[in-house]
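Last residue of the sequence shown? That's 1134 in the working numbering, and every number before it is there in order.
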Amino acid sequence: MADVYWGVQASYAAIMMAELTSLCLSTTLLIAIYQENCSLMVPWVLGFIGSISLEALAIVYSNVLRDHINQGFDQLCHFEIGVFLSKTFINILVIGAVVRLYRQLKDGATWRVSDIYEL
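And the structure:
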């Protein structure tokens, strides 16, 4: 029983690590958008996909261990899966938006005001 407890705790630690990684990556993305720097967006996309994958693995692992102990999925399992699926759907939309912004910046789009005015 103690092994299962530590397994669940390890999966929760992995979930927290994935969330902290997502926070650091999002800060990097904000800097990349502000500076219009495409080279910082590629690591964000790759790291964010990895973070989502790690979180999915940890949630499944913790729910399987708790299912083994409780002999069935409890309300917390259903809630965790619901929140994760909702968050994953939103994250996929965000990744699509960042890729679209990346392509626009690569094509030369900018929102900065130029100092050159033509008369």
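Built from N, CA and C at the ideal position, the CB exists for glycine as well.
Under the three-state DSSP convention, the category G1043 falls into: First, the amino acid is wrong: residue 1043 is Thr here, not Gly. Here T1043 sits in helix by DSSP.
Backbone CA spacing between V1048 and E1095 [nearest angstrom]: What sits at residue 1048 in the sequence shown is Ile, not Val. The alpha-carbon atoms of I1048 and E1095 are separated by roughly 31 Å.
Best match in T1125, I1131, L1069 and L1061 for proximity to M1031 [C-alpha to C-alpha]: Measuring from the Cα of M1031, the nearest candidate turns out to be L1069.
Collapsed DSSP secondary structure at W1126 in the structure displayed: It is coil, neither helix nor strand.
Nearest residue (CA-CA) to D1122, options E1051, G1062 and A1025: Of the candidates E1051, G1062 and A1025, the one whose C-alpha sits nearest the C-alpha of D1122 is E1051.
Sub-7 Å separation of S1077 and S1026 beta-carbons: Yes. Within cutoff.
Close beta carbons around L1044, own chain, < 8 Å, minus the five adjacent residues each side: Around L1044: L1055, M1056, W1059 and V1113.
Sub-7 Å separation of L1080 and V1023 beta-carbons: Yes, they are a contact pair.
Cβ-based neighbour list, Y1117, same chain, cut-off 7 Å, excluding 5 preceding and 5 following: Excluding sequence neighbours, Y1117 sits near C1053 and M1056.
G1087 to F1063 span [Cα, whole Å]: Spanning the alpha carbons of G1087 and F1063 requires a straight line of approximately 31 Å.
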